[in-house]
Amino acid sequence: MVWHIAKRELYDNLNSLRFALAAALLLGLMLTNAVVHLREHPERVRQYQKGVSEYQNQLTSHAENSLYDLAQEGPGNLYKKLSDLRFCAEGGETFLSEYADGGYNRWSTDTLKSFWLLAYPTATPNRKNVRPIVTKVDWGFIIGYVLSLVALLFTFDSISGERERGTLRLTLANSIPRHTVLIGKFLGALISISIPFTLSILINLLVISTSSNVHLGTEAWGRLGIIFFIAILYTCLFLALGLLVSARVQRSAVSLVVLLLVWVVLVVFMPSTLASIAGGSPSSSPTLDFWERSEILHDELSNEYDSHRYKEPEDSLKGMQMDGEYVIKDAEQQEQLHAERLNQRVEQVIRARSITRLSPVTIVQHLLESFAGTGFERHLQFLENVQTYAREFRVFIDDTDRADPDSLHIFGVPAGMSKKPVNPEAVPLFEDTLNLSKDFNTATTELLLLLLFVVVLVSGAYLAFVRVEV
Amino acid sequence: MLETRELTKVYNENVLAVNKLNLTVEDGEIYVVLGANGAGKSTTISMLLNFIEPTSGTALVGDIEIPKFPLEAKKHLAYVSENVELYRNFTARQNLSFFAKLGGRKKVSNAELDETLGRVGLAEEAFTRRVKTFSKGMRQRLGIAIAIMKDAQAVLLDEPTSGLDPKGGADFLNLLRQLKEEGKAIFMSTHDIFRAKEVADRIGILVQGNLERELTREEIQRENLEELYLNYVAGYEPEEEASE
Amino acid sequence: MLITLIRRELLNNLMTFRFAAATFIMLLLVVANTFVLINDYERRLESHNDSINIHKRQLQETKTYSAGEVRVDRPPNPLSIFNVGYDKQLGNEVRVTHIYVPSLWDAGMHGSSNPFMDMFASMDIIFIFEVILSLLALIFAYDAFAGEYESGTLRLVLTHPVRRGNILVAKYISAMLCLIVPLVMSLLLSLILLTISTSIFLNTDDFLRIGGIILTSIVYLSIFYLIGLLISAVTRRTSTALMLSMFVWGFLVLVYPNMILAVIPQHEAPQERKTSAYDKIEQMWQEFDKDRKHYLATDDFPGEDWGYELRGWGSRSSNFILLGNPHTLFYKCRGMMNFHGFVEEVEPKIPHARKHFRYLGSKIIDTAEKTWIVRKPALEDIYIQPANKERIWLKLSPVGLYDAATKTWAGTDVQGVRDFFDAARQYRKQVIDYFYDIDAFGSRQWFSSDKGAADWSDLPQFRYQRVGSNTNAIRALPDVCLLFMTNIILFVVIFLIFVKSEV
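Heads up: the sequence lines are chains A, B and C, in that order.
Residue numbering for the first sequence follows the numbering used here, beginning at 1 and increasing consecutively.
Residue numbering for the second sequence follows the numbering used here, beginning at 1001 and increasing consecutively.
Residue numbering for the third sequence follows the numbering used here, beginning at 2001 and increasing consecutively.
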């Protein structure tokens, strides 16, 4: 019986103007998405590969020079692994740096050079960009905005419209339980939206996967499957909302007005307004800016060093130890400062992100980001990988130096460290990884939240429909 | 007086909706045009109101040619449609007042509005109710009230009695008779033979755009109208005959 | 007659649910967002003031002229609350120095801002209008004709001696009146909130600009109402009209502005333009370097060290270097010297050094001016022109036109931001003149503070005033005119369709 009703709904929808328009809109957007991805992705891959090979070359040349060189210069720029599924969710990638600076050096004097530290450059593509600012047309946009709107347009009149025409009375005059009617309507709408959506997604993937520049592995297809499932779940949310309002409201025109206004508030305004509110509270109003703080810290240290150093002869062991201590301490302090700044910034973003989760569109975008391997959570994963690697790298330097009996084991000064060249192959290489199970972990909250939304709205629609007076 | 001269309407160059219609409705006369669905009744009324341009021929109200001076002509025409919804969010009084002003009245007092509404048989409590709560019969009465209020020389009614209950129908015919007493030329289209018989001074039978027969008051009384009508209609709808 | 029609339409509109909903949602969104936006503005203003103070303090603490960094800060535009435009994203901190002519592409950002927060789309009042006003206009319009066709009232009205033109005009006027109510009400409320806020000062010019924004908003509103009317008149069925309207809205507001730039071929200035300009600039600086070296080789002082072998306490860079960035065609020379004491044998070298720095100062200024003549048009071609071309594509949708026009009114468009850099360049000239006047380049304080530190107290103050509202008006005029034209064309088309239509 459910199927019977669903079939009628489906038939009704397939012949309607909205079906044609929705199909055209979705198809056009998905094609655009594919074309843009094919245009931009190869260039990104090229840049990434260039960066990685540069990093490896540098590492090799430093290693072949000496251990000191390697320890002083650091590993160099560590690049974030690209996601093949960036067309699914842009995730504000342009605002996140493509690499972490694992070879940040600040000063050198006649005798000493500063040691590398881990710095986190911030990509600020906008600072010099005078071009118009637009949202990227990724799957996140198509699903989050367009598909939700289409879902509402498919359901706003499904109950109120039938009541206006009187067909609801006819239907309910038969011995059919009401929930069957509701489920039938729900399924009918879901299937009629899924048809153009699935079709456009398939065409999108066809265009992308037939190109020789992009390779989608099995894991990528798995991720795409999850993304598709999320999109359907998200559609269900708006279908349920549509049915709920349609059942509560007498006329379909009113129902649409209500739905559109709810949609606009939920989807268009809530994310950015909430983000501005949450991002609003600054961690602390700084009276000194970052660079000044860094300079003061450095000056304090070097003043102290200067005041003691001149007492010792240039190349005495004591003097060298002082040199080494100074260099290492300076690098530690500065790295600490950089990490602090990063943490402050990250905390602010996390706060903003968690509050914006009240809007379903943000939830779905976060989910898509997680599974596409882009966006902020992924960036944090990358930063974690970088920090792990930095530790590994330092431990390696330590161990190699200790293994050299000729070395004085004084870090920070050329004379105090092993002078032998290092086998480049023994140096640990940075390998950024994308991990599906980790992504699942970060996504669970959001997934549950989305499910909760759907369940609440579906039961709301059910209750509303059961009480409808026909 | 309402008159049509060779009034013709051809849709899309080949569908003949009304063919050289010649008829006259005198003042104080009720002319009923009978016809099946699609016979051209509504098209005729639409042309009389200049909703659509006639392909050829003309129509007059008084001595004003309707297609040539539509705005002037409309001052002398009132119209009641089959199913008028009116402005749903307005009360009966607001609707009536609005249309009265459209008809050229500068000021309309509530008393006058109420009198007209009472005259068409609307209950007093309904005057200030929104039209969306009205039944079909009440809306139809309001439609007549609008026509009465306009005080036009000719009144055109497009199947006004369809869907009315017997009492409503009877009241409606009484209202028509009152209008007739006032000397209006009344042109009504319907497929309700019995009501036509009851009220009409003359009856025209319209079949596929042609005026096949005109019956005077005496003929109406004399002949078996029902049979006559069915004959005309049946002659042009052989399929229906066959299916039965 | 017209009055009667308008009155009926007005009453009809005012009594509908949609009017109440429209007013409510507009007020809610605008007021809530105004709070957030004022907060945001105050934060930016605070950050701006902090920066000014930090820069002032840092400058005062610098003991030599050559090490001193005069920095000017771009204040946040109070009208960015209406349309944030480029106010937030483009650099707001510029170094004013003699070694290069500053442009938008050399500006930095206040240290306290969090670049990650750029990920979140920023919201402004015009964005709310863009989305909501257009939606409301369509919701008001979709059944204007279609509904009356269906209910039969149009027939009834037309049985009366009414011109169709009058009906159209009446519908238009009354719906616009109804739509303007929530628009003006919400704008007034937000203005009240603005004036209450202690940190925001609006002058007469600002109110004129806001007037311009309101006017443009009304014209924008009218476009969407007319689009709705057109759909309503053509489809003649409310359900079809509604559906079509919503898709048209989704396309114009949501899809087109975001999609079009991805679809059109990319406008990029040819790479050669960049390289040739950069080569030219580099060559000029090489020439400068040659002259500089020539001077060092031929002056009375033996040796070619740019620092004249000055030794003492403090710091100096060992080499005089040239630095460039081919992407932004930026080029400068760097040689820093900041001493606070010298060893004794240095004293006789100092007159030579002062002469040299006096020569170097004017030489650098000349070269910087010369390269700017090349750089300015090149930047225009490489960055501004392609962006302008893209903007034209966006303006094919009324949303784009409206956005562009309100940005221009608010002064947050690229041109408005660039005005600040013009002022900064003007200020640079003043600073240089001041340096010449006090012979800063040739003074001992240029590189050393051992005999008195640099005195910054007489440095000319930087003043920046946004351009007058009449300039904003002239800049916004083309877009506003286009919006008007669209209105007129739509109106004429609807009129022709409606007059010819059969009821």
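The C-beta atom is built at its ideal place from N, Cα and C for all residues, glycine as well.
Residue i, enclosing alpha helix (DSSP H) - first and last residue
i	result
C:Lys2293	Gln2271 to Thr2298
A:Lys420	That residue, A:Lys420, is in no alpha helix (DSSP H); it is neither H nor E in DSSP.
B:Glu1212	Looking at the DSSP string, B:Glu1212 is not in any alpha helix (DSSP H); the run it does join, the beta strand (DSSP E), is Asn1210 to Leu1215.
A:Thr124	Careful: A:Thr124 lies outside any alpha helix (DSSP H) and carries neither H nor E.
C:Gly2523	This structure leaves residue 2523 of chain C out entirely; chain C is present only between 2001 and 2503.
C:His2340	Run containing C:His2340: none in the alpha helix (DSSP H); it sits in the beta strand (DSSP E), Met2337 to Phe2342.
Where residue i falls: helix, strand or coil (DSSP)
i	result
C:Asn2203	coil
B:Leu1007	strand
B:Gly1168	helix
C:Ile2099	coil
A:Ala22	helix
B:Glu1065	strand
A:Leu17	helix
A:Ser407	coil
A:Ser284	Because the pLDDT at A:Ser284 is just 48, under 50, the model does not fix this residue reliably, and the value given afterwards should be weighed accordingly. Looking at A:Ser284 - three-state DSSP - the assignment turns out to be coil, as it is neither helix nor strand.
A:Val137	coil
C:Asp2451	In the sequence on display, residue 2451 of chain C carries Lys and not Asp. Correct three-state label for C:Lys2451: coil.
A:Gly375	helix
B:Gly1118	helix
C:Ser2469	helix
C:Gly2091	coil
A:Leu85	coil
Limits of the unbroken beta strand (DSSP E) element including residue i
i	result
B:Ile1030	Glu1029 to Leu1034
A:Thr94	Counting along the chain, A:Thr94 falls outside any beta strand (DSSP E), and DSSP gives it neither H nor E.
A:His338	That residue, A:His338, is in no beta strand (DSSP E); its alpha helix (DSSP H) goes Leu317 to Thr356.
B:Thr1024	Val1015 to Val1025
C:Tyr2315	For clarity, residue 2315 of chain C is Ser in the given sequence; the question names Tyr instead. Residues Gly2312 to Arg2316.
B:Met1188	Ala1185 to Thr1190
Proximity to residue i [Cα-Cα], best of the options
i	options	result
C:Gln2058	C:Val2084, C:Glu2046 and C:Arg2095	C:Arg2095
C:Pro2115	A:Leu112, A:Leu244, A:Leu117 and A:Pro121	A:Pro121
B:Asp1063	B:Ala1017, B:Asp1114, B:Arg1005 and B:Phe1090	B:Arg1005
A:Ser246	A:Val258, A:Cys236, A:Thr235 and A:Leu237	A:Val258
C:Phe2491	C:Phe2251, C:Trp2372, C:Ala2137 and C:Leu2226	C:Leu2226
C:Lys2451	C:Phe2339, C:Leu2396 and C:Val2480	C:Phe2339
B:Val1131	B:Ser1046, B:Glu1112 and B:Val1084	B:Val1084
C:Phe2129	C:Met2117, C:Glu2347 and C:Thr2034	C:Thr2034
C:Arg2425	C:Trp2306, C:Ile2488 and C:Pro2102	C:Pro2102
Cβ shell of residue i (< 7 Å), same chain only, five flanking positions each side left out
i	result
A:Val449	Checking the displayed sequence, the identity of residue 449 of chain A turns out to be Leu instead of Val. Taken in chain order, the residues that qualify are Arg357 and Ile363.
C:Arg2446	This sequence places Trp at residue 2446 of chain C; Arg is not what is there. Contacts found: Thr2064, Tyr2065, Ser2066, Phe2357 and Ala2440.
A:Ser284	For A:Ser284, the predicted structure reports a pLDDT of 48, less than 50, and the residue's modelled location is therefore unreliable. A value from the coordinates is still provided. Hits under 7 Å: none found.
Contacts around residue i, its chain only, beta-carbon distance under 6 Å, and the 5 residues preceding and following it disregarded
i	result
C:Trp2409	Arg2209, Gly2212, Ile2213, Asn2472 and Ala2476
A:Lys113	Gln72
C:His2055	Arg2071
B:Lys1020	Glu1006 and Thr1008
Beta-carbon proximity list for residue i, same chain, < 8 Å, skipping 5 on both sides
i	result
A:Glu219	Leu436
C:Tyr2041	Pro2076, Pro2078, Ser2080, Ile2081, Ser2199 and Ile2200
A:Met462	A quick correction: the sequence has Tyr, not Met, at residue 462 of chain A. Closer than 8 Å at Cβ, skipping near neighbours: His179 and Leu182.
Heavy atom of the ligand NAP within 7 Å of residue i beta-carbon
i	result
C:Trp2409	This structure lacks the ligand NAP; in fact it carries no ligand of any kind.
Give me the subset of the region 1083-1105 of chain B whose CB atoms are less than 8 Å from a CB atom of chain C, sorted by chain position. Asn1083, Val1084, Glu1085, Leu1086, Tyr1087, Arg1088, Asn1089, Phe1090, Gln1094, Phe1098, Phe1099, Lys1101, Leu1102, Gly1103 and Gly1104
Check each residue of the region 2328-2354 of chain C: if its Cβ is closer than 8 Å to any Cβ of chain A, include it; give the result in chain order. Thr2328
Using Cβ-Cβ distances below 7 Å, what residues of the region 1043-1056 of chain B are close to chain C? Listed by position along the chain: Leu1049, Phe1051 and Ile1052.
Between the region 2151-2167 of chain C and chain B, which residues of the former have CB atoms less than 8 Å from a CB of the latter, in chain order? Ser2151, Gly2152, Thr2153, Arg2155, Leu2156, Val2157, Leu2158, Thr2159, His2160, Pro2161, Val2162 and Arg2163
Residues in the region 1110-1142 of chain B with C-beta within 7 Å of chain C's C-beta atoms, listed in sequence order? none
Which of the residues in the region 336-369 of chain A, read from start to end, lie with their CB under 9 Å from any CB of chain C? Gln344, Arg345, Val346, Gln348, Val349, Ala352, Arg353 and Thr356
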